[in-house]
Structures are given as C-alpha cells and as structure tokens.
Amino acid sequence: MSQQTNEELKKFGYYFDEQLKLKSTKFSNSFEFINSNHYDLIGNLVVKYIYELLKERYAMKELWLPRIDEEYSKDRTNPQVNIFVTPNWKTCKKLLILICGSGAVRAGQWTRQLCLYNTLNEGTCFQYLEEAIKDGFGVMILNPNLHFSKTIIQKNTIKKSTIGNEEKNIYDLNKRIKKAIKIINLRKIIKLSNLKVLNYFKKNVPKIKVSEILKSIFFKILINLSESKNIKKEIKIEFNKYFKLFTSFELSQSDQFQLIYQLEYFLKRYKQIAKVLYLVLNELYLNNILNQYSIISWYKKNTEGKLQRICKGWIKTIYNLEKKEESTKEKSNESSDPKYSSESRESQDEKEVEEPKKEKKKKDDLELQESQNLFNYFYFEKKICGHSSAKEHTKNIWENLIMKAKSKEIYIVAHSYGGVCTTYLLKKFFKEFKKRIVKIAFTDSVHFILQFTFSKDVKQWFYTHSRNWVKSKKKVGMLVNRKLQGVYCVSAGHQKHIWTSTCAKDSIFKWFRQSYQNNEN
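For the sequence shown, UniProt numbering begins at 1 and goes up steadily by one.
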C-alpha cells in the first residue's frame, strides 16, 4: 500500500527513499515550494503515506469514529475521523497517548514542515512508537485536527440530469449574463454601483431555481470586486433573500445532487460564464465560511482574500477572451475589405486593453491554473459528529475509548495545542485523571493554568505529574522559567518550536521510566 502512494507521489515529481526522506526527481532540493495548493497536495499525499506506514511497519489498527460496529469500521455514508492504535490498546498495562498540535497536521505527525524538508523520522511520532513498543506500551494516536469530511465528486462521474422545460430559460439566462459580463471589467466595475447591478439582474434574470443560485453567486462577485465601502441596507436585504436558497446546510442529499446536476448542465453549454459562478460556489464549500460569518461582513474583512483574487482572475480571462474574439472577427472582416487602411488599424489597436506586465501576468496565470485544478471537482464538507473541534475530539475519545480500556497506567505526550486539549480533559475528568494518569509530557505546549479556572488540588497534582519541554538555547532537561503554565518547564534542546518533540524524545522517556521501572522493581 505504501508503495502505491510512493508511486502516486512520483507522478508529482517526488518519492520517499529508504531513510524516509522526501526526494525530488526534478530538483536537487528535497522539496520545492511552488504555491499553497501544491504544498497542500503533496502534504496530503505524505499524510496518506504515513498512515500506510503506521499500519504496515508498526502493525497499528485504524479506528473510525463515530463508531458504527465493534470493529470501528469505516462508514461509507456518514463522515468519520480516523485514529490509530496498537492491537493491545484495550488490554495493555501501560497506555501511551500521543496528541499533535493544531493546523494541517494529522494523526502520526508532529509537523508537516519536517516531513517535507527533513525526514519522516523527525516529523512524525515513529521514534516515539519504537521506544514505546520496546517498553511494553500500548499506543493510541489521536487525530484532533480533522473536523470535516470532504466528499469529492469528479465532474465526469456525474450523470446527466433531467431538467425538463428549463432549457430555454437557462439559454435566456446565459444571454443576459453575457450582456452583463460585457460591462464588467476592472475599469467599469468601480463606476458601476452595487444597487445598479442588482436592479439589472432583478429585471433581466428569469425567476427559476438555477437562475436564483447563479444570480446570487454572481452578485457575490460584484460585491467582492466593488471598491465601495458603504453597502446599503436594500442590497443586504435583497442579497440575503437571493442567497438563502443555497446557503442552507440543511439541504437533503438529493437536493444537493440535483443542484450539482443543474450546474453541470449549465457548465457543459456555457463554459466561460459558468466557470466564474461555479468557482465561487466551490470556494464557499472549501472555506466553510457560511456557518461562521454573515456573508457581507466576511467580504468586508477579506477584501484581498483568495476568493477575490480568483474571481478577478476569471473575470479578466473572460473579458480578454471576449475582446480577442471580437478583435479577431473584426480583423478578419477588415482584412477581406479592400477599403481597410493601416491608419484605422492603429486606432483600433489603441482601443484594445493594454496587456499587463510580465510579472503580474505570471501571477495571474498561476492563480488561474490553481482555479482550473479545482474546477474538475465538486467539494462538499460535512461536520464530523462529536469531533467538530480538537477539544471535542479528545473529550469524545476519552469518554468512549480510553475510559473503557483496562490500562491503569496512562502516559500522555502532547505537542503545542495538544497541551490545551490535555488541560481541557484535566478540568473535565480530574477524578479519573488522578486515578489513571501517571505522567504528562508536553512539548512546547501553549496551555495556561489560571488561578480562577483550577482548584488548588488540581494545580498541585498537575505540577507534580506534568513537565513541559520548551524551545530554548539551553541543553536538554535544564530548567526554564515559564509563568502561568503550572508545570515544571525544561529545555527541549532546540530553539525552534517544530523540533521540540523530536529533540526531547530521549529525555521524555527517561522521565517516564522513572515511574514504571520503580514499580517493576
């Protein structure tokens, strides 16, 4: 399985060697940063490779939550999160729990950067696994950053829909949107107020389901491109009314698929216009902004965001394509006309849109290339029940898995924000912590223990059973003063945050062994 992922990486010019170092088939460096999309793409393939190594090399079992059967199997219909455990996790005497930090890292990773630029031995928990298995631990690796399940549907796999009598209406809609696009360019959009644009669409776009969706999305582009800061109440009201049709996350699956079919139908016939509309729709799902912010306020805060840049790029492309088509038609007609003179040619050339500078053009082309890659797929994100945040994830696993395990000696290693998740468990389940948790090792944790949130008993227990290996110039294990963390802080032996887990590993297990070796003796 891991060999298959390695072959998949080779398609993008990378592979893992025997030392688990990512190497390039094209560049001398291990990894060459191109753009954020490329970085995420390679990063996701690396995660897949790590998962396969956990199962093949360390014989770990993949559990899918929420649980649907005794085997914690994968559910093909509902979103789930995966964690990894050793086969003896239920019956082992000593259990080690590994919790990563926040961000794009997944189960088994400490940091994505070290995985890409150094080796997997330094960027993952592999070294911790090897030490733990030697010492007779059962191991559980949490996955606190996976809160949504992304359903990806490829365009060419979608069946044709039966839209019925709407074909003529969509054809009319396309005509009217084409007229609107002719007035949209970087010069005229500033002069044209949002209210005028809204009135234009109210008059010209037929009131059918597809057009309501497309109209609302297109209006989002216009708001995003407009430089006007004062958005009138009338526009807010109208805009929210139009957008309610699609922004509801309570749509049934059949309605969502019907919506895809209608958009697919539109895309096949009117590619240039639909690309703009579809891309905005796609970005809304990818960023999941609708649950957190109102649409208008989101646009005010993110005027120079990714969505705006992509929309601008598409509108520029469509505008330039239409200009080229018009100019080529005119030139072909004029060249056949003997009356056409060189003077009129020069005047026509002056009216054409000036080409941007080479650097700016490269940037725009890169944005468009990223957009085209996204254009081949439809994305739907659903929250994972019981795992919608890192804290909720750790709480759910503590209640449903760890508390049911037979182990009475539990050790925790928590990196960065994993420390916040651990102190959250401490606050919620202190009585159980006191009975079963032996030691907690933090690696540059960002948690705080405030006086008014924890009792004296909790703080005293926490201080005697926990230790934080923080980034520092000092040698490994030397005392470092840190206020408000409520733990004994020592140096991890490195000045950079991403290296703390790797560099502190030997010191952490030395501290752990003081407990269980004494018990054995």
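Ideal placement from N, C-alpha and C gives every residue a C-beta, glycine not left out. Since the model is a prediction, treat every value here as computed from it, not as a measurement.
{"Check": "Three-way DSSP call (helix, strand, coil) for M478 in this model", "Outcome": "coil"}
{"Check": "Alpha carbon of Q19 to alpha carbon of K391, nearest angstrom", "Outcome": "34 angstroms"}
{"Check": "Cβ-Cβ separation, V413 to Y128 (assumed contact under 8 angstroms), whole Å", "Outcome": "6 angstroms"}
{"Check": "Proximity to L120 [Cα-Cα], best of E71, I97 and L45", "Outcome": "L45"}
{"Check": "Proximity winner among G13, I437, L450 and H497, relative to A405 (alpha-carbon distances)", "Outcome": "I437"}
{"Check": "Selection from Y417, F12, K48 and L146 that minimises the alpha carbon distance to E32", "Outcome": "F12"}
{"Check": "Best match in L96, K456 and H447 for proximity to residue 522 [C-alpha to C-alpha]", "Outcome": "Beyond the ends of the chain as shown, which are 1 and 521, falls residue 522; an answer cannot be given."}
{"Check": "Neighbour-count burial assignment, K10, 16 or more Cβ in a 10 Å radius", "Outcome": "exposed"}
{"Check": "Beta-carbon proximity of C125 to G108, cut-off 8 angstroms", "Outcome": "yes"}
{"Check": "Coarse secondary structure for Y417, derived from DSSP in three states", "Outcome": "coil"}
{"Check": "Cα-Cα separation, V480 to S472", "Outcome": "8 angstroms"}
{"Check": "Assigned secondary structure, R513 (DSSP; H/G/I helix, E/B strand, else coil)", "Outcome": "helix"}
{"Check": "Spatial neighbours of L54 in its chain, beta-carbon cut-off 6 angstroms, leaving aside the 5 residues before and after", "Outcome": "M60, F84 and G108"}
{"Check": "Beta-carbon gap between H415 and I42 smaller than 8 angstroms", "Outcome": "no"}
{"Check": "Helix, strand or coil at I397 according to DSSP, with G and I counted as helix", "Outcome": "helix"}
{"Check": "Reference N400; option with closest CA among Y39, R67 and Q4", "Outcome": "R67"}
{"Check": "CA nearest to the CA of D40, picked from W89, K382 and Q113", "Outcome": "Q113"}
{"Check": "Test item: CB-CB of F148 and K395 under 8 angstroms", "Outcome": "no"}
{"Check": "Separation of T77 from P206, as counted between CA atoms", "Outcome": "With a pLDDT of 37 at P206, under the threshold of 50, the modelled position of that residue is not reliable, and the figure given next carries that caveat. Cα-Cα distance, rounded: 36 angstroms."}
{"Check": "Beta carbon of F454 nearer than 8 angstroms to that of K427", "Outcome": "yes"}
{"Check": "Alpha-carbon spacing of G493 relative to S445, whole angstroms", "Outcome": "15 angstroms"}
{"Check": "Close-in-space but distant-in-sequence residues of the same chain around S515 (CB under 7 angstroms, 5 per side omitted)", "Outcome": "V438 and K439"}
{"Check": "Nearest to L95 (by Cα), restricted to the options E70, G123, E131 and E122", "Outcome": "E131"}
{"Check": "Same chain, Cβ closer than 7 angstroms to S507, neighbours up to 5 away in sequence not counted", "Outcome": "W469, V476 and G477"}
{"Check": "Range of the contiguous alpha helix (DSSP H) that encloses N6", "Outcome": "S2 to K10"}
{"Check": "Residues bridged to Q109 [DSSP beta-bridge criterion]", "Outcome": "T124"}
{"Check": "DSSP-derived helix/strand/coil call for I152", "Outcome": "Confidence in I152 is poor, its pLDDT being 43 and thus under 50, which makes the residue's placement unreliable; the coordinate value appears in the next sentence. In the structure shown, I152 sits in a strand (DSSP, three-state: E or B)."}
{"Check": "Of the residues T111, W89, C385 and G386, the one placed nearest M403, counting alpha carbons only", "Outcome": "W89"}
{"Check": "Residue 523 versus Q80 - alpha carbon distance", "Outcome": "Residue 523 is absent from the structure shown; the chain starts at 1 and stops at 521."}
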